[in-house]
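Asks: Residues are numbered in our numbering as their position in the sequence shown, beginning at 1, plus a constant of 19.
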Amino acid sequence: MLSRRRALGLLAGAAASVIGGSALPSPPRPAILPRRRPQREAARTHDLVFRAAKRKARLLGPDGPETAVWSYTDELFPVLRARQGDRMSVTLRNELPQHTSVHWHGLRLPNAMDGVQYLTQPPVQPGESFHYDFTLADTGTFFFHPHCNESGQVGHGLAGVLVVEGDEVRTPDADIVLAVKDWRLNPDGTWMEFVTPQGAARAGTFGTVRQVNGRPGFVQAARPGSEIRVRLLNLDSSRVLEVGVEGGEAALIAVDGHPLPPVALDASGVETWRMGPAMRVDLLVRVPPAGGALRIVDYFSAEPWEIARFESAGEARPGARRSFDPLILSAADILVPDMKRAERLPFAFSAASSSITSFAEGLDPADPLTKVLMDSLCVRDETYWAINKASWPAGGHLNVPPPVAVLKAGRSYVFELMNATPHPHPIHLHGHVFKVLSTSRTKLPEFHADTVLLSPKERVEIAFVAAPGAWMFHCHILEHLETGMMGWLRVEA
Ligand code: C2O
Ligand code: CU
Numbered sequence: 020m021l022s023r024r025r026a027l028g029l030l031a032g033a034a035a036s037v038i039g040g041s042a043l044p045s046p047p048r049p050a051i052l053p054r055r056r057p058q059r060e061a062a063r064t065h066d067l068v069f070r071a072a073k074r075k076a077r078l079l080g081p082d083g084p085e086t087a088v089w090s091y092t093d094e095l096f097p098v099l100r101a102r103q104g105d106r107m108s109v110t111l112r113n114e115l116p117q118h119t120s121v122h123w124h125g126l127r128l129p130n131a132m133d134g135v136q137y138l139t140q141p142p143v144q145p146g147e148s149f150h151y152d153f154t155l156a157d158t159g160t161f162f163f164h165p166h167c168n169e170s171g172q173v174g175h176g177l178a179g180v181l182v183v184e185g186d187e188v189r190t191p192d193a194d195i196v197l198a199v200k201d202w203r204l205n206p207d208g209t210w211m212e213f214v215t216p217q218g219a220a221r222a223g224t225f226g227t228v229r230q231v232n233g234r235p236g237f238v239q240a241a242r243p244g245s246e247i248r249v250r251l252l253n254l255d256s257s258r259v260l261e262v263g264v265e266g267g268e269a270a271l272i273a274v275d276g277h278p279l280p281p282v283a284l285d286a287s288g289v290e291t292w293r294m295g296p297a298m299r300v301d302l303l304v305r306v307p308p309a310g311g312a313l314r315i316v317d318y319f320s321a322e323p324w325e326i327a328r329f330e331s332a333g334e335a336r337p338g339a340r341r342s343f344d345p346l347i348l349s350a351a352d353i354l355v356p357d358m359k360r361a362e363r364l365p366f367a368f369s370a371a372s373s374s375i376t377s378f379a380e381g382l383d384p385a386d387p388l389t390k391v392l393m394d395s396l397c398v399r400d401e402t403y404w405a406i407n408k409a410s411w412p413a414g415g416h417l418n419v420p421p422p423v424a425v426l427k428a429g430r431s432y433v434f435e436l437m438n439a440t441p442h443p444h445p446i447h448l449h450g451h452v453f454k455v456l457s458t459s460r461t462k463l464p465e466f467h468a469d470t471v472l473l474s475p476k477e478r479v480e481i482a483f484v485a486a487p488g489a490w491m492f493h494c495h496i497l498e499h500l501e502t503g504m505m506g507w508l509r510v511e512a
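Below, the structure written as structure tokens:
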């Protein structure tokens, strides 16, 4: 086991005020994020074409075999950068052999732009196009991916990163995206099956090759004392990460893109942060004195695994000896739920009952949702999981699932999420940002998210203000959502 860094972390709030009277150079900071300043630049329109197609990549190294990856652009995991308030005008052209879409994970946008085949738009068949057009409401670190056969399409690489800028009150020295995703590859560069019954019915099927940004690892030289904003995304289909930092100072500054008062990543704050598939964190790290290295490590796997390393070299950055101040982000505008009037709804995540419930009050057979049942690209033939005892029916079932809940737009809700299984489940709600009110098995600071990890047997409460539309609500372990742990909410205007 690697040693964990236990240096002094200068933190906002209580920890800082205890030590604030000592010889430390900087005063304690309030645990409040500064207000956001109005944007000065005019909003831009990002006119883009995504040509979803098969392309070649050497995932096993420059001398390794070629692999046929699927991607939206010529780059694997393209990184789009835009500013809050900008307009995204993206044409998806499907050149793949099966239907696809673009779901903008974590964004608050009009329901028709959410990219869920059958629920919010027709599937984009091979040879067809679809135009996405929306304004970026929130800042942060997001990503996008298709919504049917995710295990296979994302398994082949079909995903990208969207960074929405405009949240910084101080610009760090660098801003780096680390997208973690494993591949299910044979040594000859061909794909292994993405789904296995053993995996789908348990913690998921794992990759054979671990990578960051489509490379074996991430190593970069940086000046001593430089401050780097790290946007870390777990784009894997199944893997849970437990992220910690060694060899330098670091703070957690945002979760799923949404800023929180900085929390030191050490014994004075949180030592590690757990991330299921689809979850993101932003860290601010400070590179140690020359000769040292700051390492971002995953401790969840049997052997700690180095996600990234910043090697300190060169002349120290001016100010390198000042105390570390991770307060670089301003507060986001997130709708505040009305906790006095909020309606509470329980959701149990469990294994499927052996006899799958039939949905008496199913929707109209003319509803496009009916077709989802005929389309085995979106759900598989096996059913292992359920939400409130109902499983999204496997292909071939004749009834359509009713929504798992019907909500009213503008009202506040508290969802009590209960994990009745021995496996972790990252639960994602489309189109909303929720506040995580409590977690029964871990002690966490207050934060906002779009995906929350339920550890085995854990209970988690989340609160949010409902937005109108039909929104998916599911586990983000891709095999779990395709084998029953998926539902949708109808939010009436
Ligand atoms: Cu990334 Cu339905 O989600
Ligand atoms: Cu799950």
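Just so you know, even glycine gets a beta-carbon here, dropped at the ideal spot from N, CA and C.
Of all the options Pro-97, Arg-363 and Ala-71, which has the alpha carbon lying nearest to the alpha carbon of Glu-147?
Replies: What you label residue 147 is simply residue 128 of the sequence shown in a count that begins at 1. Taking only the C-alpha atoms, the option nearest Glu-147 is Ala-71.
Asks: Taking the alpha-carbon positions, what's the Trp-411 to Thr-402 distance?
Replies: Residue 411 sits at position 392 when you count from the first residue of the sequence shown. Residue 402 sits at position 383 when you count from the first residue of the sequence shown. So the two alpha carbons sit approximately 8 Å from each other.
Asks: Going by the C-beta, is Met-358 closer than 6 Å to any heavy atom of ligand 2?
Replies: Within the sequence shown, the letter at position 339 stands for residue 358. Using a cutoff of 6 Å, the CB of Met-358 does not count as near ligand 2, since none of the ligand's heavy atoms is closer than that.
Asks: What is the DSSP secondary structure of Ser-170, counted as helix, strand or coil?
Replies: Locating residue 170 in the sequence shown gives position 151, where the first residue counts as 1. Of the three classes helix, strand and coil, the one that applies to Ser-170 here is helix, per DSSP.
Asks: Give the straight-line distance between the Cα atoms of Pro-44 and Arg-189, rounded to the nearest whole angstrom.
Replies: Start at 1 with the first residue of the sequence shown, and residue 44 comes out as number 25. Start at 1 with the first residue of the sequence shown, and residue 189 comes out as number 170. In this predicted model, Pro-44 has a pLDDT of only 43, less than 50, meaning its place in the structure is not dependable; the value taken from the coordinates is given anyway. When rounded, the distance between both Cα atoms is 19 Å.
Asks: How would the residue list near ligand 2 read, in chain order, if you kept each one whose beta-carbon is closer than 6 Å to any heavy atom?
Replies: His-444, Cys-494, Ile-496, His-499 and Met-504
Asks: With three or more beta-carbon pairs closer than 8 Å as the criterion, would you say the region 54 to 71 touches the region 106 to 115?
Replies: yes
Asks: If you drop the 5 nearest sequence neighbours on each side, which residues of the same chain put their C-beta closer than 8 Å to that of Ser-374?
Replies: Counted from its first residue, the sequence shown places residue 374 at position 355. Model confidence at Ser-374 stands at a pLDDT of 43, short of 50, so the residue's coordinates are unreliable and nothing is read from them.
Asks: Starting from the C-beta of Glu-261, find all residues in its chain whose C-beta is less than 7 Å away, skip the five residues before and the five after it, and write them out in chain order.
Replies: Along the sequence shown, read from residue 1 onward, the residue named residue 261 stands at position 242. Thr-291, Arg-293, Asp-317, Tyr-318 and Phe-319, listed in sequence order.
Asks: Would you mind reading off the limits of the alpha helix (DSSP H) that contains Gly-506?
Replies: For the purposes of this step, residue 506 is taken as residue 487 along the sequence shown, with counting starting at 1. Careful: Gly-506 lies outside any alpha helix (DSSP H), inside the beta strand (DSSP E) at 505 to 511.
Asks: Quick one: what does DSSP say Glu-501 is sitting in, helix, strand or coil?
Replies: The residue given as residue 501 occupies position 482 in the sequence shown. If DSSP states are grouped into helix, strand and coil, Glu-501 belongs with the helices.
Asks: Assuming Phe-453 and Ala-482 form a contact by the criterion Cβ under 8 Å, report the distance between their Cβ atoms to the nearest whole angstrom.
Replies: Taking the first residue of the sequence shown as 1, we reach residue 453 at position 434. Taking the first residue of the sequence shown as 1, we reach residue 482 at position 463. So it is a contact: roughly 6 Å between Cβ atoms.
Asks: Evaluate Pro-216 with the Cβ neighbour count: other Cβ atoms within 10 Å of its Cβ, from every protein chain shown; 16 or more gives buried, anything less gives exposed.
Replies: The count along the sequence shown starts at 1 and reaches residue 216 at position 197. Result: exposed.
Asks: Which of helix, strand or coil does DSSP assign to Asn-521?
Replies: One cannot answer for residue 521 here, as it falls past the ends of the chain, which runs 20 to 512.
Asks: Ligand 1 heavy atoms versus the CB of Met-491: any closer than 6 Å?
Replies: Within the sequence shown, the letter at position 472 stands for residue 491. In this structure, Met-491 has its beta carbon less than 6 Å from a heavy atom of ligand 1.
Asks: Determine the direct distance from the alpha carbon of Ser-90 to that of Pro-84, and round the result to whole angstroms.
Replies: Translated into the one-based positions of the sequence shown, residue 84 becomes position 65. Translated into the one-based positions of the sequence shown, residue 90 becomes position 71. So the alpha carbons of these two residues sit roughly 18 Å apart.
Asks: Compute every distance between the C-beta of Ala-486 and the non-hydrogen atoms of ligand 1, then say whether any falls below 6 Å.
Replies: In the sequence shown, the residue the question calls residue 486 occupies position 467. Ala-486: no, Cβ never under 6 Å from ligand 1.
Asks: In three-state DSSP terms, what is Pro-216?
Replies: The residue labelled residue 216 in the question sits at position 197 within the sequence shown. In the structure shown, Pro-216 sits in a helix (DSSP, three-state: H, G or I).
Asks: In chain order, which alpha helix (DSSP H) runs of at least 4 residues are fully inside the region 303 to 343?
Replies: none
Asks: Does the Cβ of Glu-265 have 16 or more other Cβ atoms within 10 Å, making it buried, or fewer, making it exposed?
Replies: Numbered from 1 along the sequence shown, position 246 holds the residue referred to as residue 265. The residue in question, Glu-265, is buried, as its Cβ has 16 or more Cβ neighbours within 10 Å.
Asks: Taking 6 Å as the line, does the beta carbon of Ala-283 fall inside it for any heavy atom of ligand 1?
Replies: By one-based count along the sequence shown, residue 283 stands at place 264. Flag unset: Cβ of Ala-283 not near ligand 1.
Asks: Taking the continuous beta strand (DSSP E) assigned at Met-491, which residues delimit it?
Replies: Reading the sequence shown from its first residue, position 472 is the one you call residue 491. Where Met-491 is concerned, the enclosing beta strand (DSSP E) stretches over 488 to 494.
Asks: Would you say Ala-297 touches ligand 1, meaning its beta carbon is less than 6 Å from a heavy atom?
Replies: Translated into the one-based positions of the sequence shown, residue 297 becomes position 278. Yes, since a heavy atom of ligand 1 falls inside the 6 Å radius drawn around the Cβ of Ala-297.
Asks: Taking the alpha carbon of Pro-323 as the point to measure from, which residue in Arg-314, Ser-331, Glu-330 and Phe-329 has its own alpha carbon closest?
Replies: For the purposes of this step, residue 323 is taken as the residue at position 304 of the sequence shown. Answer by Cα proximity: Arg-314.
Asks: Would you please state the rounded distance, in angstroms, between the beta carbons of His-166 and Gly-134? I believe it to be under 8 Å.
Replies: As a first step, residue 166 is located in the sequence shown; it is residue number 147 there, counting from the start. As a first step, residue 134 is located in the sequence shown; it is residue number 115 there, counting from the start. Confirmed, about 6 Å.
Asks: Can you find the residues in the same chain that come closer than 6 Å, C-beta to C-beta, to Met-505, ignoring five residues on each side of it along the sequence?
Replies: Locating residue 505 in the sequence shown gives position 486, where the first residue counts as 1. Answer for Met-505: Trp-411 and His-493, listed in chain order.
Asks: For Arg-363 versus Val-433, is the C-beta distance shorter than 7 Å?
Replies: As a first step, residue 363 must be located in the sequence shown, where it is residue number 344. As a first step, residue 433 must be located in the sequence shown, where it is residue number 414. Cβ distance < 7 Å, so Arg-363 and Val-433 count as in contact.
Asks: Consult DSSP for Ala-367 and reduce its assignment to one of helix, strand or coil.
Replies: In the sequence shown, residue 367 corresponds to position 348, counting from 1. If DSSP states are grouped into helix, strand and coil, Ala-367 belongs with the strands.
Asks: I'd like to know whether the C-beta atoms of Gly-208 and Thr-86 end up nearer to each other than 7 Å.
Replies: Counted from its first residue, the sequence shown places residue 208 at position 189. Counted from its first residue, the sequence shown places residue 86 at position 67. Going by C-beta atoms, Gly-208 is nearer than 7 Å to Thr-86.
Asks: Classify Thr-440: buried if its beta carbon has 16 or more other beta carbons within 10 angstroms, exposed otherwise.
Replies: Within the sequence shown, numbered from 1, the residue matching residue 440 stands at position 421. Thr-440 is buried by the Cβ-count criterion.
Asks: Could you pull the start and end residues of the beta strand (DSSP E) that Ser-457 belongs to?
Replies: Against the sequence shown, residue 457 aligns to sequence position 438. Taken as a continuous stretch (DSSP letters only), the beta strand (DSSP E) holding Ser-457 covers 453 to 458.
Asks: Anyone know if the C-beta pair for Arg-399 and Glu-268 falls short of 7 Å?
Replies: Here residue 399 corresponds to residue number 380 of the sequence shown, with the count starting at 1. Here residue 268 corresponds to residue number 249 of the sequence shown, with the count starting at 1. Not a contact, by the Cβ cut-off of 7 Å.
Asks: Can the beta-carbon of Gly-174 be found closer than 7 Å to that of Phe-225?
Replies: Taking the sequence shown and counting its residues from 1, one reaches residue 174 at position 155. Taking the sequence shown and counting its residues from 1, one reaches residue 225 at position 206. It is not a contact, given that the beta carbons lie outside the stated cut-off.
Asks: With a threshold of 6 Å on Cβ separation, who are the neighbours of Asp-152 within its own chain once the five nearest residues in sequence on each side are excluded?
Replies: The count along the sequence shown starts at 1 and reaches residue 152 at position 133. If we look at Asp-152 and ignore the five residues flanking it on each side, its Cβ neighbours are Ser-108.
Asks: Please name the residue, chosen from Gly-276, Val-259, Arg-234 and Arg-54, that lies closest to Val-249 on a Cα-to-Cα basis.
Replies: As a working mapping, residue 249 is identified with position 230 in the sequence shown. Ranked by how close their Cα comes to the Cα of Val-249, the residues Gly-276, Val-259, Arg-234 and Arg-54 have Gly-276 in first place.
Asks: Given this structure, state the Cα-to-Cα distance separating Lys-427 from Leu-448, to the nearest angstrom.
Replies: Here residue 427 refers to the residue found at position 408 of the sequence shown. Here residue 448 refers to the residue found at position 429 of the sequence shown. Straight-line Cα distance between these residues: approximately 16 Å.
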